[in-house]
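See structure below.
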Amino acid sequence: MKTVVRPYGDTTGDGMVQVSFTLPIPHDKLAEGAALQLAGKMGLDPAMLVHAKPIGDGFTFFVVYGSVRHLVELDKVQVIERDFPLLSAKEVNAMVRQRLRRKLSVVGACIGTDAHTVGIDAILNLKGIAGEKGLEYYRELKVRNLGAQVSVPELVAQALAEKADAVLVSQVVTQRDAHLHNTREMSAAFREALPAGKRPVLIVGGPRFDETMAEELGVDRIFGRGTTPREVASYLVHRIVK
Amino acid sequence: MKLDLDPRLVAQARALARRAGQPVVDLARSHTTVSVERAVLRLAGVTGADPDGIPFVNRLVDAVRADVGLGCGVALPVFHALASSGLDDLTLLAQKAAAGSIRFSLPAGADLRRAKSASRRAVAAGMKTIDRNRATRDRLIRRLGDPRQRPWIYLIVATGDIHEDIPQAQAAARAGADVIAVIRSTGQSLLDYVPEGATREGFAGTYATQENFRLMRAALDESSRELGRYVRLTNYASGLCMPEIATLAGLERLDMMLNDSMYGILFRDINPIRTFVDQRFSRQIHARAGIIINTGEDNYLTTADAVEAAHTVTVSQLLNEFFAHEAGLEDWQLGLGHAFEINPDLPESFRLELAHALLARELFPEAPLKWMPPTKHMTGDVFRGNLLDGFFNLAGTMTGQGILLVGMMTEAVVTPWLSDRDIALQNVRYVLNACGNLHEDFVPAPGGFIQRRARQVLAEAIDLLGRIVDDTLLEAIADGTFGIMRRPADRGKGLDGVAKHEDGYYNPATEILEDKP
Numbered sequence: 001m002k003t004v005v006r007p008y009g010d011t012t013g014d015g016m017v018q019v020s021f022t023l024p025i026p027h028d029k030l031a032e033g034a035a036l037q038l039a040g041k042m043g044l045d046p047a048m049l050v051h052a053k054p055i056g057d058g059f060t061f062f063v064v065y066g067s068v069r070h071l072v073e074l075d076k077v078q079v080i081e082r083d084f085p086l087l088s089a090k091e092v093n094a095m096v097r098q099r100l101r102r103k104l105s106v107v108g109a110c111i112g113t114d115a116h117t118v119g120i121d122a123i124l125n126l127k128g129i130a131g132e133k134g135l136e137y138y139r140e141l142k143v144r145n146l147g148a149q150v151s152v153p154e155l156v157a158q159a160l161a162e163k164a165d166a167v168l169v170s171q172v173v174t175q176r177d178a179h180l181h182n183t184r185e186m187s188a189a190f191r192e193a194l195p196a197g198k199r200p201v202l203i204v205g206g207p208r209f210d211e212t213m214a215e216e217l218g219v220d221r222i223f224g225r226g227t228t229p230r231e232v233a234s235y236l237v238h239r240i241v242k
Numbered sequence: 243m244k245l246d247l248d249p250r251l252v253a254q255a256r257a258l259a260r261r262a263g264q265p266v267v268d269l270a271r272s273h274t275t276v277s278v279e280r281a282v283l284r285l286a287g288v289t290g291a292d293p294d295g296i297p298f299v300n301r302l303v304d305a306v307r308a309d310v311g312l313g314c315g316v317a318l319p320v321f322h323a324l325a326s327s328g329l330d331d332l333t334l335l336a337q338k339a340a341a342g343s344i345r346f347s348l349p350a351g352a353d354l355r356r357a358k359s360a361s362r363r364a365v366a367a368g369m370k371t372i373d374r375n376r377a378t379r380d381r382l383i384r385r386l387g388d389p390r391q392r393p394w395i396y397l398i399v400a401t402g403d404i405h406e407d408i409p410q411a412q413a414a415a416r417a418g419a420d421v422i423a424v425i426r427s428t429g430q431s432l433l434d435y436v437p438e439g440a441t442r443e444g445f446a447g448t449y450a451t452q453e454n455f456r457l458m459r460a461a462l463d464e465s466s467r468e469l470g471r472y473v474r475l476t477n478y479a480s481g482l483c484m485p486e487i488a489t490l491a492g493l494e495r496l497d498m499m500l501n502d503s504m505y506g507i508l509f510r511d512i513n514p515i516r517t518f519v520d521q522r523f524s525r526q527i528h529a530r531a532g533i534i535i536n537t538g539e540d541n542y543l544t545t546a547d548a549v550e551a552a553h554t555v556t557v558s559q560l561l562n563e564f565f566a567h568e569a570g571l572e573d574w575q576l577g578l579g580h581a582f583e584i585n586p587d588l589p590e591s592f593r594l595e596l597a598h599a600l601l602a603r604e605l606f607p608e609a610p611l612k613w614m615p616p617t618k619h620m621t622g623d624v625f626r627g628n629l630l631d632g633f634f635n636l637a638g639t640m641t642g643q644g645i646l647l648v649g650m651m652t653e654a655v656v657t658p659w660l661s662d663r664d665i666a667l668q669n670v671r672y673v674l675n676a677c678g679n680l681h682e683d684f685v686p687a688p689g690g691f692i693q694r695r696a697r698q699v700l701a702e703a704i705d706l707l708g709r710i711v712d713d714t715l716l717e718a719i720a721d722g723t724f725g726i727m728r729r730p731a732d733r734g735k736g737l738d739g740v741a742k743h744e745d746g747y748y749n750p751a752t753e754i755l756e757d758k759p
C-alpha cells in the first residue's frame, strides 16, 4: 500500500484542494492579494483566487483553489480503530443473556445546559437512526433515557439507582468548550461517588469530540460523528460482558 | 383551493380540535401559576432584582405564597399590604417582603374593594404601555412599510452577548432579513425566573431579559429607518416563564414570539398543566400586544419521522389554532409552524414536502405560516446542505408560506458564520427572485400524488384527533402521541408552581384582558 498520498483533483499527485474563508477587510485589490497570501501560507502553491465577494460591512468572502505542497504520510496517522467485533442485535442479546445472566443497565442523558437530545435519542430511542434501531430495541438492555439538561449530581444519583453498567452522555453544544468541561465534571463526579471497580463504564458521544481524548477526559470511550446504536451496543458487550 | 379538500372534513377536524382543547382551557381558567402572578406584578410596575439576581417579582410572589398561598392570586394581598404598610412603591414593598418584614393577608370588606381597584389601576397602567407600543408599531409599519415580498425572511442571531448581537442583527437586516430572532441561552426555558439587565454571557444564545429586549428593539428601529422597512424582532416565550416573557415582550414592543401550546411539555419536560395555564395567559397578552406567535410543530419532525408523523403536525396546528383563538389571537397572528424534514433519500420526498406544506396553507389560509428549514438530514456535507436549503426555499415560495426561517448549510456543524449567513441569504434571494410568484402557477394535478397525499394526512389527523377526544388531550400527551415523548400530567418541571383558583381569586390582568367591567 502507498504510504504517501496527496489530495486528488483530477490527476494523481496534483495536490488540488479547495478552501473558502472570510477576511475582515473590504473587497478591493489589496483584499484579493491578502487572500492569496493566506493561501500561500496554508501551503497552496500555486493558488487560484476563483471567487471574491463583499459580505456585510468590511468583510470579504473568498474561494481559493490550489495545489498543496504537503504530503500525507499514512504510516504516521493516529486514529482509534474499532477494537471490538461488530455484533447484530440478536448476538448482543444472546451474549448478555448467556454470560451476564441479567439485563445490562444503561443510563443516558444530555448533561449541563445542552438541550440537544438528537444524539442521545438517535442512540437510545427505539426509533434509532438511519434505519438502525436504538438501544431500547435490544431486549436484554434496560435503557433509561433521562433526556436533556440533566445535572451531573442527578445523573450520578440516577446511575446509582438504576445500578447502571454503563452511562452514556451526549454533548452537542461546544460553545466555549462546554462539552469538554461537562465531560470532565461528569467523570470526576463518578470517580468521587464510586470506587474504581464499581463505576459504570462512562461513554461520551458528540460530533465535535476527538476520539483520542478519552483518557484525558476521564471516560472509557468517546464516540464521534456517525456512530450507530449497533456500534455502541457491541462496545458495551465487549467491555462489560466480555 | 388547490388541494380540493372536502370542506366538511376540514370543519370536522376543527370541531374535533375544539372538543379536544376545551377541557384544557377549562383547566387553564381554573388554575394560576407563580409565573402568571409574577406577570401581573410586572404589569403593575415591579422591576429589578436583589443582589443575588433574583427578581423582586419572584421575591414578592414567594413571600405572599408563604403567608396566604396562591389560590386567591397575589394582587389582593400585595395591594392590601401596600395600603396598610403606608408604602407607595411596590418594589420597595417587595424588598421589605424579601427581608421578611411584611406579613400578607387576604383583605375583606372595604379593604378588599380598595385592594381590587388599586391593583386594577396599577395593572391598567402596564396594559396601557403595551397598547401604546402596539400603536407605535402600527405607525412605524404605516410609515416605513412591510417587507416587499412574502415570505418574510427570518434570521437568527445568537452570540450570547447582547452587544455583539446588535451589530450582527443590524448587518443581517441590511443583508435582507425582515425578522431577527435572538436565540436564547440554552437552558433559559427551565429557569423559573427571568434574568435582569443587559447580559454578555450565554450558552449558544443570549438571555431573554427586559433590557436586552429594549436594546435590540432600539437598534432595529434604527435599522428600520435606514432601510425603509420595519424590521421585526422575535424572541422565545416557551418555558417556565411564558407569561412574564410575553409581558416583557409587550412592554418592549417585540413583534413575534415563539409560543407553542405543547413545546415545553414535550421537549423541556415542563408539567402539562403548568404549561397550559401559562400558555393561555401569555397568549392573551400577545393578542393584546399585536404580537405574531410562532408555534413549534417543526420540533415534532426532528424527533419523529417526517412522513409517518406528518399528521401529528396537522393535529398540533389545529390545537394551536384553537388555543390561540380562545385566547383572543386573530388569524394574522398565527405563525403556525411546520418544517422541511423528510429524508431526502426517500423517493418523491420533495412532492411529499409540497403536499404537507400546501395542506397547512389551505387549512389556515389567513395565517402567516412559519416555514422551518431542514436540520435533521443536514449531515455536515455543506454542499448537499446548500442544495437541500434551495429546495426548502423553493417549496416555501411554491406553497405561499408566510415566514421563512433561513436554513444554514452548516446546520449541525457550527453556529452560523458570517459567510454561512451570506450564502444562505443568497440562496433565498435567488429562489425568490427566480420564482417568487410561482405559487400562482403551481396547481397540483387533480387526483394526483400531491392531492392524494394531502388528503391522506388530513384523514390521519382527523383519526388521531378523534382518539384524542376520546382519550383526552392530557392522556394523549402522557402516552407519547406527539414527538414520541411521554409526559404524564402529574410529572414534569414547574408543577409545584401551579395552584387551583380558590373562591375570591382575583387577577386584574385577566379581568382587563377579558374585558370585564
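As given, the protein sequences belong to chains A and B, one line each in that order.
1 is the number of the first residue of the first sequence in the working numbering; add one for each residue after it.
243 is the number of the first residue of the second sequence in the working numbering; add one for each residue after it.
Backbone N, C-alpha and C fix where the C-beta goes; we use that ideal spot for every residue, glycine too.
All values reported here derive from a predicted model rather than from experimental measurement.
Check, Outcome
"Neighbour list for A/Ile55 in chain B, Cβ cutoff strictly below 7 Å", "Leu660, Ser661, Asp664"
"Test: A/Ala193 CB closer than 8 Å to a CB of chain B", "no"
"Contact set between A/Ser20 and chain B, taken where Cβ atoms lie within less than 8 Å", "Ser661"
"Cβ separation of B/Arg525 and B/Ala566, assumed to be a contact under 8 Å, to the nearest whole Å", "6 Å"
"DSSP-derived helix/strand/coil call for B/Ala751", "helix"
"Cβ neighbours of B/Leu285 in the same chain (closer than 7 Å, five flanking residues each side left out)", "Val365, Gly368, Met369, Thr489, Ala751"
"DSSP state of B/Ser343 mapped onto helix, strand, coil", "coil"
"Distance between A/Phe21 and B/Gly538 (C-alpha atoms, nearest Å)", "34 Å"
"Pairwise C-alpha distance: B/Glu608 and B/Ala529", "16 Å"
"Three-state secondary structure assigned by DSSP to A/Arg97", "helix"
"Cβ of A/Gln149 within 8 Å of any chain E Cβ", "Reference to chain E is not applicable here, since the protein chains of this structure are A and B."
"Sequence-distant residues of the same chain with beta carbon closer than 6 Å to B/Pro759, five excluded per side", "Confidence at B/Pro759 is low in this model, with a pLDDT of 49, below 50, so its placement is unreliable and the value that follows should be read with caution. Excluding residues within five positions, none has a Cβ falling inside 6 Å."
"B/Gly622 versus B/Asp662, B/Gln643, B/Phe606, B/Ala531, residue with shortest Cα-Cα distance", "B/Asp662"
"Any beta strand (DSSP E) of 3 or more consecutive residues that is wholly inside the stretch 172-216 of chain A", "201-205"
"B/Phe694 burial status per 10 Å Cβ neighbour count (16 or more: buried)", "A quick correction: the sequence has Arg, not Phe, at residue 694 of chain B. The residue in question, B/Arg694, is exposed, as its Cβ has fewer than 16 Cβ neighbours within 10 Å."
"Reduced DSSP category for A/Ser67 - H, G, I as helix; E, B as strand; rest coil", "strand"
"Separation of A/Gly119 from A/Arg221, as counted between CA atoms", "16 Å"
"B/Val648 - containing alpha helix (DSSP H), residue span", "It is not in any alpha helix (DSSP H) - B/Val648 carries neither H nor E in the DSSP assignment."
"Members of the stretch 544-572 of chain B that neighbour chain A once the beta carbon cut-off is set at 9 Å", "Thr544, Thr545, Ala546, Asp547"
"Meets three-Cβ-pair contact criterion under 8 Å: the stretch 654-673 of chain B and the stretch 49-58 of chain A", "yes"
"Contacts that B/Ala450 makes with chain A (C-beta to C-beta distance below 8 Å)", "Near B/Ala450 there are no residues of chain A at all, since even the closest Cβ is about 15 Å away, more than 8 Å."
"Buried or exposed by the 16-neighbour rule on C-beta atoms within 10 Å, applied to B/Asn454", "buried"
"Whole runs of the alpha helix (DSSP H) within the stretch 474-521 of chain B, excluding any shorter than 4 residues", "484-493, 505-510"
"B/Leu500, buried or exposed, once every other Cβ within 10 Å from all chains shown has been counted against 16", "buried"
"Within-8 Å CB hit, A/Val5 to chain B", "no"
"Alpha carbon of B/Ala703 to alpha carbon of B/Ala460, nearest angstrom", "43 Å"
"Which listed residue (B/Gly351, B/Thr657, B/Asp520) has its alpha carbon closest to that of B/Val740", "B/Asp520"
"Cα-Cα separation between B/Gly627 and B/Asn300, rounded to whole angstroms", "45 Å"
"Under 8 Å between C-beta atoms of B/Ile719 and B/Ile422", "no"
"B/Thr274 versus B/Arg280 - alpha carbon distance", "11 Å"
"For B/Glu438, three-class secondary structure by DSSP", "coil"
"B/Phe321 - containing alpha helix (DSSP H), residue span", "317-327"
"Reference B/Pro319; option with closest CA among B/Gly577, B/Ala581, B/Ala350", "B/Ala350"
"Endpoints, the beta strand (DSSP E) within which B/Thr274 is located", "273-275"
"Counterpart residues of B/Gln412 in DSSP-defined beta bridges", "Answer is none; B/Gln412 lacks a bridge partner."
"Residue-level contact to chain A via CB, B/Ala723, 8 Å cutoff", "Here the sequence assigns Thr to residue 723 of chain B, which means Ala is not the residue at that position. For B/Thr723, the answer is no, since every Cβ of chain A falls outside 8 Å of its Cβ."
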